[in-house]
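**Q** In the UniProt record's numbering, the protein residues as written are 1 to 211. Where is the CB? At the ideal position from N, CA and C, for every residue including glycine.
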Ligand SMILES: Nc1ncnc2c1ncn2[C@@H]1O[C@H](COP(=O)(O)OP(=O)(O)OP(=O)(O)O)[C@@H](O)[C@H]1O
Ligand SMILES: [Mg+2]
C-alpha cells in the first residue's frame, strides 16, 4: 500500500492540480461514485466556476447517490466546509479549478488529504512537480494518482520513478487507465461496479484502507 496515513481521520479530500484538463472533475465524481457504492456517505463541493461537477450531477439526476453543491468562492467553500465537516458525511470531496488561486488555497488548507490526479507526459509531470512543491512546509497529506494513462506507455515507468522519489507525496498503487467508458461517464450515472470502472473502485478501496 503506497498511501498510508494511519493516524489521520479523513473527511475532506480536495482534488487539486494546477494544470487544466488532467482529470480532477472525473476523479472527484467517479471516486465519489465508488465511495458511495462502498456505502460511504459522500458530498461533492464544486469549487470550479465552470461548474462541471454540477452539470454532471444535473444531467445524471438522482441515481448518482450523492449530492453536488456549488461553492463558487473561497468564502462559500469555507462556510460549506465548516457546516458539513463531521456532519452526516464520511467523505467530502472538493473539485477545484485549475491554476493557483484563493479557492484552491482554501481547498488545500482545509483538506485532510489532497489528491493530485496527473497524466504521465513531461508537461503533466512538470506541473505535478510544481503542485507538489507548493505543499512543502505544510503538514497536509498529499497523494498523487496517475490517471488517463496508457499502461503500455514507457513514460509510465519514468513518471512512477519520479513520483516515488518525491518525498512530499505518496503515490497511489492504483493506476487509472484511459477508457472510453470513463470519458463518456461525464453527465451520466456510471455503472461503477462494472469492469470498465474497476480501477475507480480499487482507488476508493485503497484510499479507505489507508486511513
Ligand atoms: N481515465 C480517463 N479515460 C478517458 N478520458 C478521460 C479519463 N480521465 C479524464 N478523461 C477526459 O479528459 C478530459 C478532462 O477531464 P476533466 O474534465 O476531469 O479534467 P479537469 O482537470 O477537471 O479539467 P479542468 O481543469 O478544466 O477542470 C475530459 O474530457 C474527461 O472525460
Ligand atoms: Mg474540472
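For residue 143, which beta-bridge partners are listed by DSSP?
**A** In the chain shown, counting from the first residue as 1, residue 143 sits at position 143. Answer is 115 and 170, bridged to residue 143.
**Q** Compute the minimum distance between the beta carbon of residue 131 and the heavy atoms of ligand 1, and state whether it is under 7 Å.
**A** Mapped onto the chain shown, residue 131 falls at position 131. Flag unset: Cβ of residue 131 not near ligand 1.
**Q** What residue does the alpha helix (DSSP H) around residue 126 start on, and which one ends it?
**A** The residue labelled residue 126 in the question sits at position 126 within the chain shown. Its alpha helix (DSSP H) spans residues 122-133.
**Q** I want to check one thing, is the minimum distance from the CB of residue 72 to the heavy atoms of ligand 1 below 7 Å?
**A** On the chain shown, position 72 is the one that residue 72 refers to. The answer is no for residue 72.
**Q** How long is the line joining the alpha carbons of residue 163 and residue 170, rounded to whole angstroms?
**A** Start at 1 with the first residue of the chain shown, and residue 163 comes out as number 163. Start at 1 with the first residue of the chain shown, and residue 170 comes out as number 170. The straight-line gap from Cα to Cα measures roughly 8 Å.
**Q** Looking only at its chain, what residues have a beta carbon closer than 6 Å to the beta carbon of residue 187, apart from the 5 residues adjacent to it on each side?
**A** Position 187 of the chain shown holds residue 187. Result list for residue 187: 56 and 59, in chain order.
**Q** Quick test of your reading: residue 127 and residue 18, contact by CB under 8 Å. State the CB separation rounded to the nearest angstrom.
**A** Counted from its first residue, the chain shown places residue 127 at position 127. Counted from its first residue, the chain shown places residue 18 at position 18. That belief holds up - the Cβ atoms of residue 127 and residue 18 are roughly 5 Å apart, short of 8 Å.
**Q** Enumerated in chain order, which unbroken segments of the beta strand (DSSP E) with a length of 3 residues or greater are wholly contained in the region 2-67?
**A** Segments of the beta strand (DSSP E) lying fully in the region 2-67: 12-15 and 42-46.
**Q** Do the CB positions of residue 189 and residue 35 come within less than 8 Å of each other?
**A** To locate residue 189, count along the chain shown from 1; it is residue 189. To locate residue 35, count along the chain shown from 1; it is residue 35. Not a contact, by the Cβ cut-off of 8 Å.
**Q** At the level of alpha carbons, what is the spacing between residue 206 and residue 113?
**A** One-based indexing of the chain shown puts residue 206 at position 206. One-based indexing of the chain shown puts residue 113 at position 113. The alpha-carbon atoms of residue 206 and residue 113 are separated by roughly 13 Å.
**Q** I'd like the span of the alpha helix (DSSP H) that includes residue 74, first residue to last.
**A** To locate residue 74, count along the chain shown from 1; it is residue 74. Note, residue 74: alpha helix (DSSP H), 74-84.
**Q** Measuring CB to CB, does residue 46 end up less than 8 Å from residue 15?
**A** Stepping through the chain shown from its first residue, residue 46 is reached at position 46. Stepping through the chain shown from its first residue, residue 15 is reached at position 15. No, Cβ-Cβ distance for residue 46 and residue 15 is not below 8 Å.
**Q** Could you compute how far the alpha carbon of residue 95 sits from the alpha carbon of residue 48?
**A** The count along the chain shown starts at 1 and reaches residue 95 at position 95. The count along the chain shown starts at 1 and reaches residue 48 at position 48. Taking the straight line from one Cα to the other gives about 7 Å.
**Q** Return the first residue and the last residue of the beta strand (DSSP E) that residue 94 is part of.
**A** Against the chain shown, residue 94 aligns to sequence position 94. Unbroken beta strand (DSSP E) run through residue 94: 91-95.
**Q** Just to confirm the assignment, what range does the alpha helix (DSSP H) spanning residue 191 have?
**A** Residue mapping note: residue 191 aligns to position 191 of the chain shown, counting from 1. Segment: none, residue 191 is in no alpha helix (DSSP H) and carries neither H nor E.
**Q** At which residues does the alpha helix (DSSP H) containing residue 104 begin and terminate?
**A** Counting from one through the chain shown, the residue named residue 104 turns up at place 104. Segment 102-110, the alpha helix (DSSP H) holding residue 104.
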